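Using the working numbering, the first residue of the sequence shown is number 2, and each one after it goes up by one.
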Amino acid sequence: MTALIICEKPSVAKKIANALGKAKKKSIDGVPYYELERNGKKIIVASAVGHLFTLVEKENKEFGSYPVFDIKWVPASVEKGKEYVDKYIKALKKLSKEADEFYIATDWDIEGELIGYHALKYCCGREKAKRMRFSSLTKKEIVKAFENPDEIDYGLVDAGESRHIVDWYFGINLSRALMNAIRAVNRWKTMSIGRVQGPALAFLTERELEIKKFVPKPYWVIEALFKGNLKAIHEKEKFWDEKEAKSVYEKIKDEKFGKVVEIKKTKRKIKPLPPFDLGTLQREAYSYFKISPKETQEIAQKLYEKGLCLHPDTLILLPDGIKKIKDLDDEGEILCLNKDLKLTKSKYKLLKRTIKEKLIKITLNDGTKLITTKEHPILVYRDELIFIPAEKLKENEQVVMFINNSEKTFKIKKTGFVDYILENKKYSHHYSIIYASDWKNKFKSGIAKKFDLSNQLSKNKGLSLDRLRKLSNYIIDRDLKRIANGDVYIQKIKKIEELEYEGEVYDLTVENYHNFIANGIVVHNCSYPRTSSQKLPKDRKYLEDILNIIKNHPVYGKWAERILKENLKPVEGKKEDPAHPAIHIVDIPKEELSEKEKKIYDLIARRTLAAFWDNAEREYLNIKVDIKGEKFKLSGSRTVKEGWHEIYHFPKFDEIELPALKKNDIIKVEKITITRKETQPPKRYTVASIIKELEKKGLGTKCLTSNTLIKVKIGSEIKHIKIEELFELLNDKYKEKDIELAVNNKGIKCFSFNYKDEVESSFEFISRRKLERDESVYRIRFEDGSFIEVTEKHPILIYDNGDFRYVKAKDLKKGMKVVSSIKYIGEEVINKDFITKTISSIRKIKYNGYVYDIINSEYSNFIANNIVVHNSTRAEIVDKLIKRGYVIDDGSLKVTDLGISVIETLKRFCPEIIDEKMTRDLEEKLEKIQFRKIKKDDVLEEAEKRLRKILEEFKKKEEDIGIYLIKNLDATNKKGKIVGKCPKCGGDLILIRYKKGRFVGCSNYPECDVKYSLPDKGRIKIPNKVCEVCKSPILKIGDREVCINPECPLKQVEVKEENRKCPKCGGDLILKKGIYGAFYGCSNYPKCKYTESINKKEVVGKCPKCGGDLVVRDGKFGKFVGCSNYPKCKYTEKL
2 MTALIICEKP SVAKKIANAL GKAKKKSIDG VPYYELERNG KKIIVASAVG HLFTLVEKEN
62 KEFGSYPVFD IKWVPASVEK GKEYVDKYIK ALKKLSKEAD EFYIATDWDI EGELIGYHAL
122 KYCCGREKAK RMRFSSLTKK EIVKAFENPD EIDYGLVDAG ESRHIVDWYF GINLSRALMN
182 AIRAVNRWKT MSIGRVQGPA LAFLTERELE IKKFVPKPYW VIEALFKGNL KAIHEKEKFW
242 DEKEAKSVYE KIKDEKFGKV VEIKKTKRKI KPLPPFDLGT LQREAYSYFK ISPKETQEIA
302 QKLYEKGLCL HPDTLILLPD GIKKIKDLDD EGEILCLNKD LKLTKSKYKL LKRTIKEKLI
362 KITLNDGTKL ITTKEHPILV YRDELIFIPA EKLKENEQVV MFINNSEKTF KIKKTGFVDY
422 ILENKKYSHH YSIIYASDWK NKFKSGIAKK FDLSNQLSKN KGLSLDRLRK LSNYIIDRDL
482 KRIANGDVYI QKIKKIEELE YEGEVYDLTV ENYHNFIANG IVVHNCSYPR TSSQKLPKDR
542 KYLEDILNII KNHPVYGKWA ERILKENLKP VEGKKEDPAH PAIHIVDIPK EELSEKEKKI
602 YDLIARRTLA AFWDNAEREY LNIKVDIKGE KFKLSGSRTV KEGWHEIYHF PKFDEIELPA
662 LKKNDIIKVE KITITRKETQ PPKRYTVASI IKELEKKGLG TKCLTSNTLI KVKIGSEIKH
722 IKIEELFELL NDKYKEKDIE LAVNNKGIKC FSFNYKDEVE SSFEFISRRK LERDESVYRI
782 RFEDGSFIEV TEKHPILIYD NGDFRYVKAK DLKKGMKVVS SIKYIGEEVI NKDFITKTIS
842 SIRKIKYNGY VYDIINSEYS NFIANNIVVH NSTRAEIVDK LIKRGYVIDD GSLKVTDLGI
902 SVIETLKRFC PEIIDEKMTR DLEEKLEKIQ FRKIKKDDVL EEAEKRLRKI LEEFKKKEED
962 IGIYLIKNLD ATNKKGKIVG KCPKCGGDLI LIRYKKGRFV GCSNYPECDV KYSLPDKGRI
1022 KIPNKVCEVC KSPILKIGDR EVCINPECPL KQVEVKEENR KCPKCGGDLI LKKGIYGAFY
1082 GCSNYPKCKY TESINKKEVV GKCPKCGGDL VVRDGKFGKF VGCSNYPKCK YTEKL
């Protein structure tokens, strides 16, 4: 008896196989599957990769013909980028021949049922199988589901198939109908409408029409000012009837007293704030103390450094030899271990401080010694690799040490742990043993029997590292595999002592890998944990030790004492960082802190302790006052119990104290006013607000993982900052459904690629969300060792023989070249700012954290991990509407005449595609199919019947619809390019782009030859403004608004003609006029493009970088000093 279990994806297949028994991994053409035995039955566990089958026409009819309803399910490999599906289909077909019993173990929902059923039907040739249903992938749940199987829910299957078929019917047929209408009038235009574009364009159009039709409506507001500057508003708030408003006002305008007729009090508890992650610490430090994010991080770094340090005689491994830490240069290169525990290089900076405290002396079994401060983390193996503070280590702890697995010679005059290195030998570590509390599940099943390791692999037994290396291909535990293949071995701690010490101690910060080798031992560097966690360490003893120290503090002591006495538990946030806990207090400062250090320390200390404290309580008061029969509303709030706010007092609550009023109290009226106001038209959607709306509809975005570094400019400083930290820096946030948006960039710029240079650009907002159910994350690694992690559909810019194109992460291939802002030897130079970087591998990874995206309308891309990536959310949704000519983005999204006409056409002939009612009706019917209340064929027949009727009417008026669409298309194209009116003939001035550049010219050319030159660089927007002086149109080029008229009086200057030569080619320098005003240009233009400002720059010195003149320049943020050889030399100074 052989059973085949079909899962939804390979990772689930592995878990199910391991839960049911000792599974052996096998493969067919690279597709993994598992075999095991259970109760005498052979079980094969294999998987699909999501939907293996998709819908296509049964026959290839004439191009673009419609309606099409004769469709079939075929392998999804027919879709671009899904060729890999064929391997899984072939594997399932082959495995099904061995089986006589079938189980479906896909997700327990409509899509999961459909995926499993299609695999069963089209791969295995069966329609019946047992159904495993489980809510989690625990061993208990899986075994229960296998031993108590259900049947296939054919209602779910029918509901799933119906959804796909109906979506195909509407999407394909309506897009073809629109395009054929255009073709009917001998034009061509790609038209598409679907479940995403349709609703998005519909509610954009609805807003646009609301604005066009909007007529301001007046209303009146009546307010009362009571004694004590208490302001109240009439309970009606807005009076739409002027007579009624004035009647009420006249009735009470002279009244001097009011009577309290109602008092309502409500109380609300406010929980403590969670401990700090780095981004929140930076944001609050800036908010409360105006300490910049960079400075906050530096201060936190210094506070952290005050705990981590090594003895001055500690030996450090460098690329050119071994030195004592006290003899190192202030910065340079160091040897450390990468994520695979392989020796690599990185940059370091040396840190030093003076202390008087006890140090920890660690002695290993081989005699190696290390002296360190008690907080310094050491890498150990405790069934996993983990950094542990020295004071937390125990005797017999397994410490990780470096081993020289290469033929490299390390020179040193001192002896000690490096004897073997001096001899240029590989270290003989036969006696180096690694122990695990339980070896189970660390190796592939059957390994002990196969290699006669039963004695070594029993519980709490050791295994020699020599043997471990030989067995590395059979290891499934990630950390154990890293040890087996890495440049490390294991030594146990023999002795731990405390030493009194007074003097200097040293530490290093190490870029990228954050570790180094000290006396042969792998230790953590001093880099401050850039934690995204809001959770404190789980070790209660560790927290109690800290609180026992803090209880001696003169300010914080009383709070720490109560926490210990009452065993209070902390509040924690949702965010978790597996590498680091939240930022928290660990000790009392042993030396004087600077004023800013005191503030940051105080902020962290109070936030940590407040997390353990009681809820705060607030009271909200609403009072109604009667003035001659008219009711006015007063509102106030106050804190009735400080709770955690007693400790962490920085957030300010609104304390609007109202007098201690009682019902029937009389209060004095100072003044009553009436104000006329008007309603405002609804605002157009911005990119941010439309994404908010689309997210309400359940549409996802394409994103980056939390550790992705974004190149940004904060003030005058350029830096690379984690996207999660950047998100936290932005104060204005709101949440809709499952997405959070940070919408105020606070003047922070990102960097983009304009296909020529690297440029600063503004971004509208950053989004954050969790992964969707079937969404995957890919790690794209490059030949220089760097990588980027993105969701499967995030587009990355590829450079291919001079052409640029965006490719989704899941469609990337090894060997493709991405566009990178970091130089790497051996790659192709694109320009002065960008170079290629070659992909070495692409693989799916497990990722459970938040994913983020940046929305940048200016260039639609940004630089992440030094790679140019697309602003995918806008690309996938809004960009399609813009590219189709349905929408214009000019800061806000304005629907074009074409966009409006498409929606009006759809509203007239097939409103279902843009109406949520169709979706709701469909969902209701799908649910009825699911529960057998209606038949699948009836739903499909009704959908086909409805659509045929729509399309028949559409075809009858196809030419009229085409004329209507083309008319609006032409109007949109023209309107989108009209800059203003021609001053010579009154025609339209049109923005014209061509291969060699761009200019503004008259629509009546060649009869009218008016023409205005434009610069080659800078994104152009048409703000529909005119110059106040000459009335010529204004264009926005980059961030600057300029009049297009070079003869504008505002640009005229008095210039003395000079007989000067071009310093570049020797031609004459002549006075010219351009869009930015007068300038000197070479007479040999366009062969020589040398230009010079008419305003001579003030020379203030020589450039220390290249020797050129330092001149005073005007910049976006004011005057500054820059090199005259810019852009070759980019040296600048502040004035």
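By construction, the Cβ of each residue, glycine as well, lies at the ideal position given by its N, Cα and C atoms. Predicted model only: the values in this text are computed from it and were never measured.
Under the DSSP assignment, Glu332 falls in the beta strand (DSSP E) whose first and last residues are Glu332 to Leu338. In the three-state reduction of the DSSP assignment, Asp627 falls in the strand class, which pools E and B. Note on geometry: alpha-carbon atoms of His795 and Cys704 lie some 6 Å from one another.
By the Cβ criterion, the region 77 to 85 is not in contact with the region 102 to 121, since fewer than three pairs of Cβ atoms, one from each stretch, lie closer than 8 Å. Going by C-alpha positions, Tyr621 is about 27 Å away from Leu610.
In this chain, the beta strand (DSSP E) harbouring Phe258 covers Phe258 to Ile271. For Ala233, the enclosing beta strand (DSSP E) starts and ends at Leu231 to His235. Within the region 491 to 531, the beta strand (DSSP E) runs of at least 3 residues that lie entirely inside it are, in chain order, 516 to 519 and 522 to 525. For the region 109 to 152, the continuous alpha helix (DSSP H) assignments of 4+ residues that do not extend past its boundaries occur at 111 to 119 and 140 to 148, in sequence order.
For a cut-off of 8 Å, the C-beta gap from Lys757 to Asn832 is around 7 Å, short enough to register as a contact.
The Cβ atoms of Asn862 and Ser787 do not sit closer than 9 Å to each other. Boundaries of the alpha helix (DSSP H) around Val167: Tyr155 to Arg184.
DSSP links Glu718 through a beta bridge to Ile715.
For Lys239, the closest C-alpha among the options Lys254, Lys218, Phe258 and Gly259 is that of Lys218. Counting of Cβ neighbours within 10 angstroms places Arg284 among the buried residues, the total reaching 16 or more. Within the same chain, Lys375, Glu499, Leu500, Glu501 and Tyr502 come within 8 Å of Lys359 by CB-CB distance, once the 5 residues on both sides are set aside. By the C-beta density criterion, Cys8 is buried, having at least 16 other C-beta atoms within 10 angstroms. Secondary structure at Asn397: coil, using DSSP grouped into helix, strand and coil.
With contacts defined as CB atoms closer than 9 Å, Lys327 and Tyr507 qualify as a contacting pair. Spanning the alpha carbons of Val158 and Leu115 requires a straight line of approximately 5 Å. Of all C-beta pairs linking the region 1103 to 1112 to the region 1066 to 1081, fewer than three are shorter than 8 Å, placing the two stretches out of contact.
Ranked by Cα distance from Cys986, the first of Ile993, Ser1004, Lys978 and Val46 is Ser1004. A distance below 6 Å between beta-carbons, with the five flanking residues on each side excluded, links Thr676 to the following residues of its chain, in chain order: Val222.
Counting C-beta atoms within 10 angstroms of its own C-beta, Ile379 has 16 or more neighbours from the protein chains shown and is therefore classed as buried.
With fewer than 16 other beta carbons inside 10 angstroms of its own, Met2 counts as exposed. Between Leu990 and Asn623, the alpha-carbon positions lie close to 60 Å from each other. Ranked by Cα distance from Leu966, the first of Gly886, Cys1044 and Pro1034 is Gly886.
It is roughly 49 Å from the alpha-carbon of Pro912 to the alpha-carbon of Ala100.
The three-state secondary structure of Arg685, taken from DSSP, is coil. Sequence-distant partners of Lys809 (beyond 5 residues in either direction) whose C-beta falls short of 6 Å from its own C-beta, in its chain, are Lys794 and Pro796. Nearest in C-alpha terms to Gly199, of all of Glu925, Ile589, Ile901 and Arg1020, is Ile901.
In the assembly as shown, Phe932 is an exposed residue. Its beta-carbon has fewer than 16 other beta-carbons within 10 Å. Around the beta-carbon of Val1100, fewer than 16 other beta-carbon atoms lie within 10 Å, marking it exposed. By the CB criterion at 9 Å, Pro660 and Ile667 fall outside the cutoff. With a contact defined as Cβ atoms closer than 8 Å, Ile547 and Ile589 miss out at about 10 Å.
Counting every other CB atom within 10 Å of its CB across the protein chains shown gives Asp898 a total of 16 or more, marking it as buried.
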